[in-house]
Amino acid sequence: MKILHWLALPLLAAIVGIVAWAALAPVQFASREELFEIPKGTWARRMAGDKVEILPSRIRLTLGVHDVLLLRNLDDVPQVFGPTVMMPGQSFRLPFEVASSYNFACTAHASGQMTIIVYPQPTSPWQRLSWRTIALWDAVT
Amino acid sequence: MTMRERLNRIVLLLVLLIGSATAHAEDASALKAGVFEPPREAPDFALPGSNGSELKLSAYRGKVVLLGFGFTSCAAVCPITLGTLKQVNKKLGAQASELQVIYITVDPEHDDAARLKKYLSSFDPNFIGGTGSEAQLAAVRKDFGIAAEKVAGPDGSYTHSSFIYLIDRQGRLRALMPFGHVADDYVHDVRILLTAP
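This is the structure we're talking about:
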């Protein structure tokens with residue numbers, strides 16, 4: 001019983017530490033841009049029967065810290081990418097200024113839709129904790 | 142001209158070149174809409190227009206064009222978008238004469254030129270609509286990456302791309318404004334495109 005007690009204490013301390021970090025540490029990203037690229041040779045791979053998925057059907061952004069969608073077509077042919085057609089070598093940079101859920105008709109996805117969810121910038125401890133919980137949930141599901 | 146004067150001229154030229162390149166980059170990144178870089182020439186099309194004439198995109202070179210796709214029975218997206226574009230024209234004042242709104246139907250079965258004219262005029266008489274055969278319109282949608290699909294059911298509704306393309310005076314596809322932006326965002330971007338080189 002005493003051994004269990006001594007094991008539970010460090011575990012509890014670790015959980016409290018993680019929750020405190022999740023609530024207090026500011027949400028930061030290396031860049032405000034969420035970048036997706038169509039690599040060279042994608043069209044050839046698709047023609048060969050590979051199912052190449054580049055853009056997820058749901059993208060998560062956060063105002064103020066990570067709120068720009070950046071798409072690049074590095075392939076040699078035009079590609080339907082996200083909401084639009086992109087020429088070889090072309091990029092598309094879409095900034096967001098309002099937290100909301102944005103739906104785009106997108107033929108590249110089986111559902112025919114691409115959704116971009118823009119969350120408000122988490123500024124309070126509770127918002128940061130919620131934001132990180134949702135991010136963790138999105139990562140594991 | 143002395144060597145010093147020549148050097149001064151070269152330095153001035155370089156400063157002007159760098160300045161103009163930077164200004165262009167700033168213009169593009171300052172848009173509220175999503176920006177294409179480098180911009181490509183907008184695919185041209187020729188369709189029966191709601192004004193009774195041929196609607197050719199290239200005929201609007203010299204103006205900024207806002208190009209959208211929808212249908213007259215649309216209950217959700219199109220009335221909001223067209224209502225916003227009506228406000229844009231109003232807010233632009235005299236500059237509105239340098240802007241053309243073009244709306245192309247995804248429902249040629251119901252939207253002939255007369256119906257498009259009546260519908261668009263209810264928002265703004267200067268808006269021009271485009272219709273055509275299913276094959277003609279499908280080709281235009283493909284060129285612009287527009288998705289449109291008829292929804293199964295008796296009401297003949299469609300799901301369709303809801304954004305608006307911004308085309309500059311040179312006929313280049315510069316940007317894409319997602320659904321939901323307010324009139325002021327369009328006005329902001331149109332003014333930048335009107336003043337851009």
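The listed protein sequences derive, respectively, from chains A and B.
The numbering of the first sequence is the working numbering, which starts it at 1 and goes up by one.
The numbering of the second sequence is the working numbering, which starts it at 142 and goes up by one.
The beta-carbon is built from N, C-alpha and C at its ideal position, and this holds for glycine as well.
Inset, instruction - Check each candidate in A:P78, A:A30, A:I15 and name the one with the smallest Cα separation from G89 of chain A. - result: Taking the first sequence and counting its residues from 1, the one referred to as residue 89 of chain A is at position 89. Ranking A:P78, A:A30, A:I15 by Cα distance to G89 of chain A puts A:P78 first.
Legend entry - Bridge-paired residues (DSSP) for F29 of chain A: The residue you call residue 29 of chain A lines up with position 29 of the first sequence. Answer is none; F29 of chain A lacks a bridge partner.
Inset, instruction - Could you check what DSSP says for M47 of chain A in three-state terms: helix, strand or coil? - result: Residue 47 of chain A sits at position 47 when you count from the first residue of the first sequence. DSSP places M47 of chain A in helix when its eight states are reduced to three.
Legend entry - Short CB-CB distance (under 8 Å) between L317 of chain B and chain A: Translated into positions along the second sequence, residue 317 of chain B becomes position 176. Answer yes: the Cβ-Cβ gap between L317 of chain B and chain A drops below 8 Å somewhere.
Legend entry - Residue nearest to V218 of chain B in terms of C-alpha spacing, selected from B:V331, B:A171, B:S298, B:K283: Taking the first residue of the second sequence as 1, we reach residue 218 of chain B at position 77. Ranking B:V331, B:A171, B:S298, B:K283 by Cα distance to V218 of chain B puts B:S298 first.
Inset, instruction - Specify the secondary structure class of I15 of chain A as computed by DSSP and reduced to three states. - result: Start at 1 with the first residue of the first sequence, and residue 15 of chain A comes out as number 15. Reduced to three states, the DSSP call for I15 of chain A is helix.
Legend entry - Proximal residues to E37 of chain A (C-beta, below 7 Å), its chain only, five neighbours per side dropped: Position 37 of the first sequence, counted from the start, is the residue given in the question as residue 37 of chain A. Excluding residues within five positions, the ones whose Cβ falls inside 7 Å are R72, L74.
Inset, instruction - Drop a sphere of 10 angstroms on the beta-carbon of V341 of chain B, count the other beta-carbons inside from all chains shown, and report buried for 16 or more, exposed for fewer. - result: The question about residue 341 of chain B has no answer, for chain B in this structure spans 142 to 338.
Inset, instruction - Would you please verify whether the beta carbon of A288 of chain B is less than 8 Å from any beta carbon of chain A? - result: Residue 288 of chain B sits at position 147 when you count from the first residue of the second sequence. It does; some Cβ of chain A falls within 8 Å.
Inset, instruction - Determine, using beta carbons only, whether R310 of chain B comes closer than 8 Å to chain A. - result: Stepping through the second sequence from its first residue, residue 310 of chain B is reached at position 169. Not closer than 8 Å to any Cβ of chain A, the Cβ of R310 of chain B fails to qualify, so no.
Legend entry - Reduced DSSP secondary structure (H/G/I, E/B, other) of N230 of chain B: Taking the second sequence and counting its residues from 1, one reaches residue 230 of chain B at position 89. Helix.
Inset, instruction - Jot down the residue ranges of each uninterrupted alpha helix (DSSP H) in the region 192–277 of chain B, minimum 4 residues, whole runs only, in chain order. - result: 219–233, 254–262
Legend entry - Interface partners of H301 of chain B on chain A, CB under 9 Å: Working through the second sequence from its first residue, we reach residue 301 of chain B at position 160. A105, listed in chain order.
Legend entry - Cβ-based neighbour list, S262 of chain B, same chain, cut-off 8 Å, excluding 5 preceding and 5 following: Taking the second sequence and counting its residues from 1, one reaches residue 262 of chain B at position 121. Around S262 of chain B: F268.
Legend entry - Whole-angstrom distance between L4 of chain A and F304 of chain B, CA atom to CA atom: Taking the second sequence and counting its residues from 1, the one referred to as residue 304 of chain B is at position 163. Taking the first sequence and counting its residues from 1, the one referred to as residue 4 of chain A is at position 4. About 60 Å.
Inset, instruction - Determine, using beta carbons only, whether E178 of chain B comes closer than 8 Å to chain A. - result: For the purposes of this step, residue 178 of chain B is taken as the residue at position 37 of the second sequence. With 8 Å as the cut-off, E178 of chain B counts as an interface residue toward chain A.
Inset, instruction - Give the C-beta separation of G270 of chain B and R202 of chain B to the nearest angstrom, bearing in mind that I take them to be a contact with Cβ-Cβ under 8 Å. - result: Residue numbering aside, residue 270 of chain B sits at position 129 when the second sequence is read from its first letter. Residue numbering aside, residue 202 of chain B sits at position 61 when the second sequence is read from its first letter. The Cβ separation is near 20 Å, so there is no contact.
Legend entry - Contact list for the region 62–96 of chain A against chain B, Cβ threshold 7 Å: V80, P83, T84, V85, M87, Q90, S91, F92, R93, L94
Inset, instruction - Just tell me which of B:K231, B:S214, B:G193, B:T222 has its CA closest to the CA of V323 of chain B. - result: On the second sequence, residue 323 of chain B is found 182 positions in, with the first residue counted as 1. Nearest of B:K231, B:S214, B:G193, B:T222 to V323 of chain B, Cα basis: B:T222.
Inset, instruction - With 8 Å as the threshold, decide whether the Cβ of Y119 of chain A is near any Cβ in chain B. - result: On the first sequence, residue 119 of chain A is found 119 positions in, with the first residue counted as 1. Not closer than 8 Å to any Cβ of chain B, the Cβ of Y119 of chain A fails to qualify, so no.
Inset, instruction - Indicate whether at least one CB of chain A lies closer than 8 Å to the CB of F304 of chain B. - result: Locating residue 304 of chain B in the second sequence gives position 163, counting from the first residue. Yes - at least one Cβ of chain A is within 8 Å of the one on F304 of chain B.
Inset, instruction - Starting from G175 of chain B, find everything on chain A with Cβ-Cβ shorter than 7 Å and list it in chain order. - result: Here the question's residue 175 of chain B lines up with position 34 in the second sequence. Within chain A, the residues near G175 of chain B are F92, R93, L94.
Legend entry - Nearest-angstrom Cα separation, counted from S124 of chain A out to D138 of chain A: Reading the first sequence from its first residue, position 138 is the one you call residue 138 of chain A. Reading the first sequence from its first residue, position 124 is the one you call residue 124 of chain A. Those two C-alpha atoms are separated by around 21 Å.
Inset, instruction - Compare the C-beta of G193 of chain B with all C-beta atoms of chain A and state if any pair is closer than 8 Å. - result: As a working mapping, residue 193 of chain B is identified with position 52 in the second sequence. With 8 Å as the cut-off, G193 of chain B does not count as an interface residue toward chain A.
Legend entry - Within-8 Å CB hit, S100 of chain A to chain B: For this step, residue 100 of chain A is matched to residue 100 along the first sequence. Yes, because at least one Cβ of chain B sits closer than 8 Å to the Cβ of S100 of chain A.
Legend entry - Status (buried if at least 16 other CB within 10 Å, exposed otherwise) for S191 of chain B: By 1-based counting over the second sequence, the position of residue 191 of chain B is 50. Buried: at least 16 other Cβ atoms inside 10 Å.
Inset, instruction - Using three-state DSSP, classify V118 of chain A as helix, strand or coil. - result: What you label residue 118 of chain A is simply residue 118 of the first sequence in a count that begins at 1. Correct three-state label for V118 of chain A: strand.
Inset, instruction - Taking only beta-carbon positions, decide if F36 of chain A is within less than 8 Å of chain B. - result: For this step, residue 36 of chain A is matched to residue 36 along the first sequence. Chain B contact via Cβ: absent.
Inset, instruction - Give me the Cβ distance between R128 of chain A and A23 of chain A, rounded to the nearest whole Å; I'm assuming they're in contact under 8 Å. - result: Taking the first sequence and counting its residues from 1, the one referred to as residue 128 of chain A is at position 128. Taking the first sequence and counting its residues from 1, the one referred to as residue 23 of chain A is at position 23. 6 Å between Cβ atoms; contact.
Inset, instruction - Name the two residues that bound the continuous beta strand (DSSP E) containing T62 of chain A. - result: Here residue 62 of chain A refers to the residue found at position 62 of the first sequence. Per DSSP, T62 of chain A belongs to the beta strand (DSSP E) from 58–62.
Legend entry - Contact set for P39 of chain A: own chain, Cβ-Cβ below 6 Å, skip 5 residues either direction: As a first step, residue 39 of chain A is located in the first sequence; it is residue number 39 there, counting from the start. Result list for P39 of chain A: L74, in chain order.
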